[in-house]
Amino acid sequence: MAVRTRTDTGTGARTGGPDGRGGLRIVRLANFVTPTSGGLRTALDRLGRGYLAAGHEPVLVVPGATASDRRTEQGRIVTLPGPVLPGTCGYRVLADRRRVARLLDELAPDRIEVSDRTTLRWTGEWARRARVPSVMVSHETADGVLRTWGVPPALAARAADRLNRRTAWAFARIVCTTEWAEREFVRIGARNVVRAPLGVDLDHCRPDRRDAALRARYAAGERVLLLLCSRLSVEKRPGTALDALEELRAAGVAAALVVAGDGPLRGALERRARERRLPVRFAGHLADREALADLQAAADVCLAPGPAETFGLSALEALACGTPVVVSASSALPEVVGTAGVAAADTPAAFASGVQSLLAVPETVRRRAARARAEGFAWDRSVAAFLHAHDALPGPEVLVSGVPGDPGASGVPGVPGASGAFGASGVLGALGAPGASGVLGTPGAPEAPGVPGVPGAPEVLGVPGAFVPEEPRR
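In terms of the UniProt record's numbering, the sequence shown opens at residue 1 and continues consecutively.
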């Protein structure tokens, strides 16, 4: 995507950026963002701060109970009224297309970045008509979410493929945070996929926050303190944590569990803990970042049982605090935690076994390994990768090559163990990365028309070489 600037039209557009240095107005749209939401809210906040620091003008558009427009440390946040989605404990969506379209017209963005595939996919077509380069950030896998809701795998895959073809056609680029998240787009042959990892605040999440008194208070006399940081909803599989605790106690491991999070399943989980007489403390949503980081550092092992997680920020935060994690082998988290955690099958027994294997490692060794893994995921690397997806990097000094302790990462903007542009052989490999193979997520695909930035590719959206897949049948 070529960098574009706009002249002042009286509708909010301007020449160059907000500081006169050519920064871009990047309008970001998202649903399911509330004061008590987790990973998505954190990612939007940190990316917005990074865009600002790089000289751009981020504008975040989210749903809420009432309209508002305010300036924050992550940039401007515009809230539009949106209805509550039933069964989600307060999550709202942007459902008024006309109002959103009017706002987009007024904002006159240089880029749009959309973090939703439910009510906002149409904004890709708005961007196409407005000749604005667009990015869709895939924060979840469609087939993974469908499977967690009980849809048979084959049917889930077919439905996801249909949705993803439309998504890949509608947007100039699809950003995935892990190789696991890319797979459903690679499966349909999408060639406009790039990878950009999320990150963690390494200054805030630190092992030295570990406090023996806090740990003792939460452990309540038990030898092992487990932690679940998760929204308590069906797709997160929080019940696995309680069942794993029961397995451990049956095996003679004196363990207790703290649940940090809230959601529609909380009542049922509390009843289960009472009926089974399990030592579980439900802390609810911890809005205080200090308190959450202290708890993450105090735990001995963190559990992340969600089988459809595409990244898992809370697990990464636990690693940064020195706490190893047992993760679902069905999710993207094994590639995030690496050898600093254990990938377990989606059964209570497997999670209990994973906990025991981590506890068998000396505490200093396992905590040092957890922190070392997290240090490959600083937010500045994530910001650089996302801005690269927008062709909005201010200069080569922003790129970070390699990850400490990960020899496989050479010239990669912040993806541990990966090779090639955006951290994956086969992702943007044709864009001048020496030795890279594959094009935009399709390993081994030849350079061909329709590849972003490749000479001879058609111009779409006013962007030389921008790729747009064949329009799906309606």
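All residues carry an ideal CB built from backbone N, CA and C; glycine is no exception.
Note that this is a predicted model, so its numbers are computed, not measured.
Let me know the secondary structure DSSP gives residue i once reduced to three states.
i: P305; result: coil
i: S314; result: helix
i: D262; result: coil
i: V355; result: helix
i: A392; result: coil
i: V145; result: helix
i: V175; result: strand
i: R128; result: helix
i: L232; result: coil
i: L292; result: helix
i: G417; result: Residue confidence is low: G417 scores 33 on pLDDT, short of 50, so the model does not pin down where it sits. Its coordinate-derived value is still stated next. In the structure shown, G417 sits in coil (DSSP, three-state: anything other than H, G, I, E or B).
i: L120; result: coil
i: D346; result: coil
i: E184; result: helix
i: R276; result: coil
i: T36; result: coil
i: V361; result: coil
i: R49; result: helix
i: R206; result: coil
i: E335; result: helix
i: G267; result: helix
i: G453; result: Reliability fails at G453, whose pLDDT of 31 lies under 50, so the model's placement of it is uncertain and no value is given.
Where do the N-terminal and C-terminal ends of the alpha helix (DSSP H) with residue i fall, by residue?
i: F386; result: 379-389
i: D243; result: 239-250
i: V280; result: Looking at the DSSP string, V280 is not in any alpha helix (DSSP H); the run it does join, the beta strand (DSSP E), is 280-284.
i: L104; result: 97-107
i: D161; result: 153-170
i: A54; result: A54 -> no alpha helix (DSSP H), and no H or E assigned at all.
i: A213; result: 212-219
Can you check DSSP and say which residues form a bridge with residue i?
i: I112; result: V27, S134
i: L60; result: R28, I77
i: G341; result: V325
i: residue 476; result: Absent from the model: residue 476. The displayed extent of the chain is 1 to 474, so no value can be given.
i: R92; result: V84
i: V200; result: A378
Please return the same chain residues whose Cβ sits closer than 7 Å to the Cβ of residue i, not counting the five positions on each side in sequence.
i: A273; result: L242, V280
i: A315; result: C302, A304, V325, V327, L333, V336, V337
i: R210; result: A297, A298, G322
i: G435; result: Here G435 scores only 29 on pLDDT, less than 50, and its place in the model is too uncertain to base an answer on.
i: L292; result: A260, L286
i: E270; result: F282
i: R215; result: L225, A298
i: T118; result: N31, V93
i: R266; result: L232, F282
i: G82; result: P63, G64, R92, V93, L94, A95
i: A170; result: R121, G124, E125
i: R373; result: L319, V337, G338, A340
i: L248; result: A255, A352, V355
Provide the residue span of the beta strand (DSSP E) that contains residue i, from first to last.
i: T72; result: 68-72
i: S328; result: 325-328
i: R195; result: 193-195
Ordered along the chain, which non-local residues of its own chain (more than five positions away) have a Cβ less than 6 Å from that of residue i?
i: A350; result: A344
i: I77; result: L60, R70
i: A448; result: Any reading at A448 needs caution, since the residue's pLDDT is 29, under 50, leaving its predicted position unreliable; the model's value is listed next. Result list for A448: empty, nothing under 6 Å.
i: D346; result: P307, S328, S330
i: V365; result: none
i: P109; result: R25, V27, V132
i: T88; result: none
i: L227; result: V258, A299, C302
i: S68; result: T79
i: Q74; result: D45, G48, R49
i: V100; result: L94
i: I188; result: D161, N164, R165
Given residue i, which residues of its chain have a CB within under 8 Å of its CB, disregarding the five upstream and five downstream residues?
i: L103; result: V61, V78, L80
i: R147; result: P153, A156, P307, A308
i: T36; result: G90, D262, H285, A287
i: T42; result: L313
i: residue 488; result: Residue 488 lies beyond the residue range present for the chain, which begins at 1 and ends at 474; the question has no answer from this structure.
Can you find a heavy atom of the ligand COA that lies under 8 Å from the Cβ of residue i?
i: P86; result: Questions concerning the ligand COA fall outside what the structure shown contains, since it holds no ligand whatsoever.
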